[in-house]
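>
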Amino acid sequence: MISKYLILSSFTFIFTFLTNSVGHAFPEMVRHHYVNCSACHVNANGGGVLNAYGRTISYEVLSTWGTEKEARAFYFIDPEKVGAWLNLGGDLRAIQVHQENSSLKRGRFFWMQGSLDVAATIKNLTAFITVGEVNTQTQTWSSKIPRYFVSYQVTDELSVRAGRFVPIFGLNIPQHQYYIRDHLQLAPGFERVAADIQWNGEQFNFLLGYATTAAESIGQSGEKASNAQVQTTLADAYKFGLSFWSGNSNFERRSIVGVNAVLGWTEKFYTLTEFDQLTAAPAGTSNETRTLIEFLKFGYEFIKGAHFQIVQELKRPDAEVTTADATSYGAGFLFFPRPHFELEGLWTKRQPSLGNREDYAYLITHYYF
Numbered sequence: 012m013i014s015k016y017l018i019l020s021s022f023t024f025i026f027t028f029l030t031n032s033v034g035h036a037f038p039e040m041v042r043h044h045y046v047n048c049s050a051c052h053v054n055a056n057g058g059g060v061l062n063a064y065g066r067t068i069s070y071e072v073l074s075t076w077g078t079e080k081e082a083r084a085f086y087f088i089d090p091e092k093v094g095a096w097l098n099l100g101g102d103l104r105a106i107q108v109h110q111e112n113s114s115l116k117r118g119r120f121f122w123m124q125g126s127l128d129v130a131a132t133i134k135n136l137t138a139f140i141t142v143g144e145v146n147t148q149t150q151t152w153s154s155k156i157p158r159y160f161v162s163y164q165v166t167d168e169l170s171v172r173a174g175r176f177v178p179i180f181g182l183n184i185p186q187h188q189y190y191i192r193d194h195l196q197l198a199p200g201f202e203r204v205a206a207d208i209q210w211n212g213e214q215f216n217f218l219l220g221y222a223t224t225a226a227e228s229i230g231q232s233g234e235k236a237s238n239a240q241v242q243t244t245l246a247d248a249y250k251f252g253l254s255f256w257s258g259n260s261n262f263e264r265r266s267i268v269g270v271n272a273v274l275g276w277t278e279k280f281y282t283l284t285e286f287d288q289l290t291a292a293p294a295g296t297s298n299e300t301r302t303l304i305e306f307l308k309f310g311y312e313f314i315k316g317a318h319f320q321i322v323q324e325l326k327r328p329d330a331e332v333t334t335a336d337a338t339s340y341g342a343g344f345l346f347f348p349r350p351h352f353e354l355e356g357l358w359t360k361r362q363p364s365l366g367n368r369e370d371y372a373y374l375i376t377h378y379y380f
C-alpha cells in the first residue's frame with residue numbers, strides 16, 4: 012500500500028512541478044534596493060516580460076557576463092527604435108529530474124514551457140498577453156492563451172488590473188513546486204479570471220482583488236475568492252508582507268493567512284521566508300482543518316550571477332497531527348551566465364506525508380527571450 016502512495020505522490024509532485032513553472036520574478040533583487048517589481052517588469056507584481064530598464068539590469072546586475080545589445084529582446088530589438096510602448100518577451104524552459112527512494116529510482120527530461128509575451132502601453136493603459144503552452148504529459152505545444160490582462164495606471168502609485176492571471180498571495184517566486192505555491196493552488200497553472208487594485212509606493216504596497224474559477228478549472232472548482240496583501244519596506248532592503256485569501260467553491264470554503272519576508276542582508280547575502288495557515292472545510296459543514304506551510308531559503312551570490320542556496324520546507328496537513336508532516340531540505344545553485352540564460356539546480360532530502368524518505372534533485376534550464 013505504501014508503494015502505491017509513493018508512486019502516486021511522486022507522479023503528482025513531478026506533474027505539478029512541470030505544469031506550474033512559468034515566468035520569472037526575482038524578489039531577491041531587494042538586496043540591490045529594487046523594492047518594487049515594476050522597476051524591471053511590465054507587470055507590477057513581477058514575472059513575465061521585462062521593460063527597457065529590466066533589460067539593462069539583466070546584464071548590469073543579474074548576469075555574470077553580458078552587453079547592452081545582448082540583453083535586448085530576441086537579441087535584435089532596439090528599444091530606442093521600437094519605443095517604450097512595446098515590450099516583447101517569452102520563455103523556453105526544460106527540466107531534468109532525478110528521484111530515488113526505497114521503491115523506485117528514476118530520472119526524466121521534460122519540456123516545461125514555451126511561450127511568447129507581448130505588452131503594449133499607450134499613455135496610462137497597458138495590455139498584456141501570453142501565447143503558448145506546453146502540455147507536459149504529451150510534450151506537445153499549443154497556441155493557447157493562459158494569461159492576459161489590461162491595466163490602467165491611475166497615478167504613479169495607483170493602478171487597476173483585470174484579466175486572467177494568478178492572483179497575488181505571498182512571495183512571488185518562480186519555483187512554483189514549493190508547498191507555499193503548489194498546495195495553495197496559487198501558481199501558474201491555476202490562472203483565474205480576476206481583477207485587482209494596487210498601490211505601489213516606496214515604502215508601502217497595498218493590494219485588494221477578486222477572482223473566480225470555472226467549474227472545469229484545474230484549480231479550486233468554481234471558487235470565488237477575495238485576496239488582499241499589505242507590504243512594507245525598511246531601509247530599501249528588507250520587505251515584509253501580510254497576505255489574506257477568502258474563497259468559496261462548489262466543494263469547500265477556505266481561508267488563508269500568510270506572512271512573508273525578503274531580507275537583503277548585504278548585496279550578496281539574502282533570505283526569503285513565508286509561513287501560511289490554510290483553514291478549509293467541506294461545503295455545508297463546519298469540520299475545519301488547519302494546514303500549516305513554511306518555507307525558508309538562504310542565498311549567497313559568491314560571484315556576480317552565481318548563487319549558492321539552501322532551501323527548507325514544511326507542510327503539516329493537519330495542525331493537530333504532527334506525525335504526517337511533509338518536509339524537504341537541500342542545497343543547490345542559481346546561475347545567470349549571460350542575459351537570457353538561467354540555470355537552477357537543487358538536491359533535496361524529502362519526507363512525504365506518506366512513505367519513506369527520498370532523494371530528489373532537479374536541473375532547470377531557462378531561456379527568456
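So for the sequence shown, this note's numbering puts the first residue at 12; every next one is plus one. Think of the CB as a built atom: it goes at the ideal place given N, C-alpha and C, for glycine as much as any other residue.
#1: Under the three-state reduction of DSSP, which class applies to residue 92: helix, strand or coil?
#2: May I ask which residues mark the beginning and end of the beta strand (DSSP E) holding residue 63?
#3: Given this structure, state the Cα-to-Cα distance separating residue 215 from residue 43, to the nearest angstrom.
#4: Could you say which of 265, 81 and 283 lies nearest to residue 272 if we only look at CA atoms?
#5: What is the DSSP secondary structure of residue 192, counted as helix, strand or coil?
#6: Flag this pair as yes or no: are the beta carbons of residue 101 and residue 380 separated by less than 7 Å?
#7: As an exercise, report each continuous beta strand (DSSP E) stretch of at least 3 residues that is fully enclosed by the segment 257-335, in chain order.
#8: Can you tell me which of the three DSSP states residue 74 falls into?
#9: Rounding to the nearest angstrom, what Cα-Cα distance links residue 212 and residue 253 in this structure?
#10: What do you get for residue 314, buried or exposed, if any count of 16 or more other CB atoms within 10 angstroms of its CB means buried?
#11: Any beta carbon from chain C within less than 7 Å of residue 177's own beta carbon?
#12: If I measure Cβ to Cβ from residue 81 and keep anything under 6 Å in the same chain, skipping five residues before and after, which residues do I get?
#13: Got a sec? Which residues, its chain only, sit under 7 Å from residue 170 by beta carbon, not counting five neighbours each side?
#14: So, for residue 142: in the same chain, excluding its five sequence neighbours on each side, which residues have a beta-carbon less than 7 Å away from its beta-carbon?
#15: Rounding to the nearest angstrom, what Cα-Cα distance links residue 34 and residue 234 in this structure?
#16: For residue 140, which residues in the same chain have their Cβ closer than 7 Å to its Cβ, ignoring the five residues on either side in sequence?
#17: Could you tell me the boundaries of the beta strand (DSSP E) in which residue 211 lies?
#18: May I have the straight-line CA-CA distance separating residue 367 from residue 188, to the nearest angstrom?
#19: Look up residue 139 in the DSSP assignment and say whether it is helix, strand or coil.
#20: Return the first residue and the last residue of the beta strand (DSSP E) that residue 352 is part of.
#21: With distances taken Cα to Cα, identify the nearest neighbour of residue 331 among 221, 376, 111 and 299.
#22: Quick check on this structure: which residue in 106, 110, 261 and 199 has the alpha carbon closest to the alpha carbon of residue 294?
#23: Once the 5 residues before and after residue 45 are set aside, which same chain residues still bring their CB inside 8 Å of it?
#24: Please identify the residue among 275, 204 and 333 whose C-alpha is closest to the C-alpha of residue 249.
#25: Buried or exposed: which applies to residue 360, given that a residue is buried once 16 or more other Cβ atoms fall within 10 Å of its Cβ?
#26: Express the C-alpha separation of residue 152 and residue 105 in angstroms, rounding to a whole number.
Inspection of the coordinates gives the following:
#1: Residue mapping note: residue 92 aligns to position 81 of the sequence shown, counting from 1. Residue 92: helix per DSSP, three-state reduction.
#2: Your numbering for residue 63 matches position 52 in the sequence shown. Per DSSP, residue 63 belongs to no beta strand (DSSP E); it is in the alpha helix (DSSP H), 63-68.
#3: By one-based count along the sequence shown, residue 215 stands at place 204. By one-based count along the sequence shown, residue 43 stands at place 32. If I take the Cα positions, the gap works out to 18 Å.
#4: The residue labelled residue 272 in the question sits at position 261 within the sequence shown. The shortest C-alpha separation from residue 272 is found at 283.
#5: To locate residue 192, count along the sequence shown from 1; it is residue 181. Helix, per DSSP.
#6: Along the sequence shown, one-based indexing puts residue 101 at 90. Along the sequence shown, one-based indexing puts residue 380 at 369. Yes. Within cutoff.
#7: 263-275, 280-293, 300-314 and 317-327
#8: Here residue 74 corresponds to residue number 63 of the sequence shown, with the count starting at 1. In this structure, residue 74 counts as coil in the three-state DSSP scheme.
#9: For the purposes of this step, residue 212 is identified with residue 201 of the sequence shown, where counting begins at 1. For the purposes of this step, residue 253 is identified with residue 242 of the sequence shown, where counting begins at 1. Looking at the two C-alpha atoms, the distance is approximately 16 Å.
#10: Position 303 of the sequence shown, counting from 1, holds the residue named residue 314. Exposed, because fewer than 16 other Cβ atoms sit within 10 Å of the Cβ of residue 314.
#11: Going by chain labels, chain C is absent from the structure shown, which holds only one protein chain.
#12: Mapped onto the sequence shown, residue 81 falls at position 70. So the list reads 350, once near-sequence residues are dropped.
#13: Residue mapping note: residue 170 aligns to position 159 of the sequence shown, counting from 1. Excluding residues within five positions, the ones whose Cβ falls inside 7 Å are 55, 162, 163, 164 and 209.
#14: Mapped onto the sequence shown, residue 142 falls at position 131. Contacts found: 126, 127, 154 and 156.
#15: Counting from one through the sequence shown, the residue named residue 34 turns up at place 23. Counting from one through the sequence shown, the residue named residue 234 turns up at place 223. Confidence in residue 34 is poor, its pLDDT being 45 and thus under 50, which makes the residue's placement unreliable; the coordinate value appears in the next sentence. Their backbone Cα atoms lie some 24 Å apart in a straight line.
#16: Numbered from 1 along the sequence shown, position 129 holds the residue referred to as residue 140. Same-chain partners within the cutoff: 129, 156 and 159.
#17: In the sequence shown, the residue the question calls residue 211 occupies position 200. Start and end: 203-211.
#18: Numbered from its first residue, the sequence shown carries residue 367 at position 356. Numbered from its first residue, the sequence shown carries residue 188 at position 177. Rounded to the nearest angstrom, the two C-alpha atoms are 20 Å apart.
#19: Here the question's residue 139 lines up with position 128 in the sequence shown. It is a strand residue.
#20: Here residue 352 corresponds to residue number 341 of the sequence shown, with the count starting at 1. First-last of the beta strand (DSSP E) with residue 352: 352-362.
#21: Counting from one through the sequence shown, the residue named residue 331 turns up at place 320. Closest option to residue 331, Cα to Cα, is 299.
#22: One-based indexing of the sequence shown puts residue 294 at position 283. Measuring from the Cα of residue 294, the nearest candidate turns out to be 261.
#23: For the purposes of this step, residue 45 is taken as the residue at position 34 of the sequence shown. Around residue 45: 51 and 68.
#24: Here residue 249 refers to the residue found at position 238 of the sequence shown. Nearest option by C-alpha distance: 275.
#25: As a position in the sequence shown, residue 360 is number 349, starting the count at 1. So residue 360 counts as exposed.
#26: In the sequence shown, the residue the question calls residue 105 occupies position 94. In the sequence shown, the residue the question calls residue 152 occupies position 141. Taking the straight line joining both Cα atoms gives about 13 Å.
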